[in-house]
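Letter by letter, the sequence shown follows residues -18 to 299 in the working numbering.
Backbone N, C-alpha and C define an ideal beta-carbon position, used for all residues, glycine too.
As structure tokens, the structure follows; a few thoughts come after it.
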Amino acid sequence: MLRHFETLNRPFGRYVAGHNQRSEFIVPTAIATASYRGDFDRCRLLCESMDARVRGHTRHLILVEAADIPLFRQLEGPGREIVDERDLLPFFLRPFPDPTTLGRRRVWLSPYGLPLRGWHVQQLRRIALAASLDEEVMVSIDSDVVFLRDFDVSAFSPGGKTLFFRRPKAMSDVAPPYRDEHLAWSRKAGKLLGIDAPETTDTGYVATLIPWRTLAVKAMVQRIAEVAGRPWLSALAATRILSECTIYGRFVEEVEGRMDEYVPTEASLCRMYWSGAPMDRDTLMRFVEGLEPDQVAAGIQSFTATDPTFIRQVAGLS
């Protein structure tokens, strides 16, 4: 799965959505999507939009559990690989039918903590992949994202550095019902990384379509292992208070000490619809028309039950 890519030199230009030029610093960049069979149609739509509008990445890796490999093989092709989670996760973490849903959903059992849900394990897959790649940057994209404008991934590496998404005072923007959860993620990230103070931070690191510097992820998992006194995956599998973006963000900002490698940004290139009622075609059209000039994609969370057919039509892919 690991390959080496040489850096090329090309002209550099500042990114503008749909009109960007190639950078003189061509940083090898992989795109990763953790998915599952319930999101297959949305993931296929993501792939179609990437094939039509995204360039500059080395490959697109789709991470799924073993049972979903045959289904997702339909999406495999030049520049796109389907990765079995068994190649990323340890033997002790394996999925089983969830008896509380009569087997409709899955849980992942391990000897280290409570059963994990799919969204927990998707985070572990992304971290494990980033820690194993030869590419210098990995970009995580959820399977319910669709690209609406042309995009070159060199935008994630201005001047050879890596964009670092951080939003100061972000907790004040989190809806009250979810604020405690976000603070718990921050607190747990601090404990995993051995940060004594502050216990939590108001800076937000959670977004989709953001890059990670893979050398930082390798150092991050080593730090988690050192703090925990055991393999990093054992430490993360022991908790359901988990936000991979928050762990990475606090590591880069408070532990790594290499901010010279990054270009901090508050801008998210993807407009998200996190929750709410299903959007009909007209509502979805208005949502897409509200993209900022530098936003190139929209993410419509699958649990909003917005019809993928409408998303396909609004994206111009039907």
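Buried or exposed by the 16-neighbour rule on C-beta atoms within 10 Å, applied to residue i
i	result
Glu270	exposed
Met31	buried
Phe77	exposed
Ser256	exposed
Tyr243	buried
Trp100	exposed
Val194	In the sequence as presented, Val is not what sits at residue 194; that position holds Arg. Buried, by the Cβ-count rule.
Phe232	buried
Ala279	buried
Ile276	In the sequence as displayed, the identity of residue 276 is Gln instead of Ile. With 16 or more Cβ atoms within 10 Å of its Cβ, Gln276 is classed as buried.
Gly37	buried
Ser153	exposed
Arg54	exposed
Thr10	buried
Thr182	buried
Ser299	exposed
Arg67	exposed
Three-state secondary structure assigned by DSSP to residue i
i	result
Val385	Because residue 385 is not part of the residues shown, which for the chain are -18 to 299, the question remains open.
His41	strand
Ala219	coil
Trp213	helix
Tyr302	Since the first residue shown for the chain is -18 and the last is 299, residue 302 is missing from the structure and cannot be characterised.
Ile122	coil
Tyr159	helix
Ile191	strand
Gln2	At Gln2 the pLDDT is 48, less than 50, meaning the model places this residue with poor confidence and gives no usable figure here.
Val88	strand
Leu26	helix
Phe73	coil
Ala206	helix
Gly185	strand
Gly58	strand
Thr287	coil
Asp154	helix
Met260	coil
Tyr371	The question about residue 371 has no answer, for the chain in this structure spans -18 to 299.
Ser299	coil
Arg148	strand
Ala165	helix
Asp131	coil
Residue nearest to residue i in terms of C-alpha spacing, selected from the options
i	options	result
Gln294	Arg67, Ala109 and Phe128	Phe128
Cys24	Asp79, Ile63 and Lys142	Ile63
Val236	Asp20, Leu174, Gly297 and Val187	Leu174
Tyr186	Leu196, Leu164, Lys199 and Ile205	Leu164
Gly230	Ile7, Pro212 and Val198	Val198
Pro192	Ala206, Leu83, Leu214 and Arg107	Arg107
Leu110	Arg85, Pro80 and Pro71	Pro71
Asp241	Ala286, Gly94, Gly140 and Leu90	Gly140
Ala296	Pro274, Val8, Ile43 and Arg34	Arg34
Leu90	Thr82, Val102 and Leu83	Val102
Arg130	Pro212, Ala286 and Leu272	Leu272
Arg252	Asp261, Pro274 and Glu234	Pro274
Val45	Tyr159, Asp79, Leu105 and Phe132	Leu105
Contact under 8 Å by Cβ, residue i with residue j
i	j	result
Leu26	Ile292	yes
Val120	Leu190	yes
Arg75	Cys28	no
Pro125	Ser249	First, the residue type needs correcting, since residue 125 is Asp and not Pro in the sequence shown. Cβ distance not < 8 Å, so Asp125 and Ser249 don't count as in contact.
Ala209	Ala218	no
Thr202	Ala112	Here residue 202 is Val; the residue named in the question, Thr, does not match the sequence. Result yes, Cβ atoms of Val202 and Ala112 sit closer than 8 Å.
Pro212	Asp22	no
Ala206	Thr184	no
C-beta neighbour in chain B for residue i, strict 8 Å
i	result
Gly140	Included in the structure is just one protein chain, with no chain B present.
Contact between the segment 215 to 225 and the segment 165 to 184 is defined here as three or more beta-carbon pairs at a separation below 8 Å; is this criterion met? Judged by Cβ distances under 8 Å, the segment 215 to 225 makes contact with the segment 165 to 184, as three or more pairs qualify.
Taking three-plus beta-carbon pairs below 8 Å as touching, is the segment 15 to 23 in contact with the segment 131 to 145? By the criterion of at least three beta-carbon pairs nearer than 8 Å, the segment 15 to 23 is not in contact with the segment 131 to 145.
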